[in-house]
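Enquirer: Note that the sequence shown covers residues 1436 to 1643 in my numbering. Could you have a look at this structure, given as structure tokens, before my questions?
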Amino acid sequence: MKNELSYSIEDELRANGYRIICGVDEAGRGPLCGPVCAGACILREGEIIEGLNDSKKLSASRREALFDEITAKAVAWSVALGTVEEINDTNILEATLLAMRRAIAGLKVKPDFALIDGNICRGFALPAKSVIHGDALSPSIAAASILAKVTRDRICDDLDKEYPQYGIAKHKGYGTKDHMEALRRYGPAPIYRTKFIRFLDNDDKNNR
1436 MKNELSYSIE DELRANGYRI ICGVDEAGRG PLCGPVCAGA CILREGEIIE
1486 GLNDSKKLSA SRREALFDEI TAKAVAWSVA LGTVEEINDT NILEATLLAM
1536 RRAIAGLKVK PDFALIDGNI CRGFALPAKS VIHGDALSPS IAAASILAKV
1586 TRDRICDDLD KEYPQYGIAK HKGYGTKDHM EALRRYGPAP IYRTKFIRFL
1636 DNDDKNNR
């Protein structure tokens, strides 16, 4: 796979005096269950990791291989979660931002700037900016996206062992037809995000 990413964003920041730049991304905002996961990654200046890309464009096996390479080569890396309880108590956006802050705080090397995938950037304890489609533009963010996605998928595999009736290993918690049918049949477990499964309440109202 041709590497279409470039360090142009990181290079511009370095030209402005920043030296230690981390990329930050999340996985699992859309699923009905489980935590949201954030990754933070600091790569060496100009580090080339062949095949690095937006995690959504890669196969599961390729992500796993890149996960190992990223964690071996990174200056520092970290993953962190926003729990189901935090998602239920606030909302998915706030829980995602919380997970991102935790991932940055978990880095063994302190960054002086953070590149955040997406269009929302607030509440960070260091200079930061959002980058729309950053996981397809910045190697730092792309690496973070793979860290987050692989970690989230591994969590889903563990949840599947605990709650096999839902088929989580297959759909990773997303609202597929089979998943929604399983929810209707078995009801939700504590791993579910209450605001994401309101269709069950509508079902109850329609059946009255």
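Glycine is no exception: its CB is placed at the ideal position from the N, C-alpha and C atoms. On a predicted model such as this, the values are computed, not experimentally measured, just so you know.
1. Please identify the residue among P1546, A1579, D1588 and P1623 whose C-alpha is closest to the C-alpha of P1562.
2. Pull up the distance between the alpha-carbon of A1617 and that of L1533, whole angstroms please.
3. Determine the direct distance from the alpha carbon of S1575 to that of F1631, and round the result to whole angstroms.
4. What is the DSSP secondary structure of F1634, reduced to helix, strand or coil?
5. Starting from the C-beta of F1548, find all residues in its chain whose C-beta is less than 6 Å away, skip the five residues before and the five after it, and write them out in chain order.
6. Which same chain residues, not among the five before or five after Y1601, have their C-beta less than 6 Å away from its C-beta?
7. Mind checking which residues open and close the beta strand (DSSP E) that includes L1516?
8. Using 8 Å as the cut-off, can you tell me whether the segment 1486 to 1503 makes contact with the segment 1514 to 1532, which would need three or more C-beta pairs spanning the two stretches below that distance?
9. Can you look up K1607 in the DSSP assignment and give me helix, strand or coil?
10. Please return the same chain residues whose Cβ sits closer than 7 Å to the Cβ of C1476, not counting the five positions on each side in sequence.
11. Roughly how many whole angstroms lie between the Cα atoms of I1444 and R1479?
12. To the nearest angstrom, how far is it from the Cα of R1620 to the Cα of A1560?
13. My parser needs the alpha helix (DSSP H) runs of 4 or more residues fully inside the segment 1580 to 1629; what are they?
14. What did DSSP end up calling G1463 once you bin it into helix, strand or coil?
15. Candidates D1489, E1439 and G1481: which alpha carbon is nearest G1553's?
16. Are the CB atoms of G1662 and Y1442 nearer to each other than 8 Å?
17. Provide the residue(s) that pair with I1477 in DSSP beta bridges, ordered along the chain.
18. Would you report the Cα separation of K1607 and V1544, rounded to the nearest angstrom?
19. Among C1472, I1551, C1468 and M1615, which has the Cα closest to the Cα of N1645?
20. For the alpha helix (DSSP H) containing D1446, name the first residue and the last one.
Expert: Taking the geometry as given:
1. P1546
2. 30 Å
3. 30 Å
4. helix
5. L1448, Y1453, I1456 and P1562
6. A1617
7. A1511 to G1517
8. no
9. coil
10. C1457, G1458, I1505, A1509, W1512, S1575, A1578, A1579 and L1582
11. 14 Å
12. 45 Å
13. 1603 to 1606 and 1612 to 1621
14. coil
15. D1489
16. Shown here, the chain extends from 1436 to 1643; a query on residue 1662 therefore has no answer.
17. A1511
18. 31 Å
19. Missing from the structure shown is residue 1645; the chain here goes from 1436 to 1643 and no further.
20. S1443 to A1450
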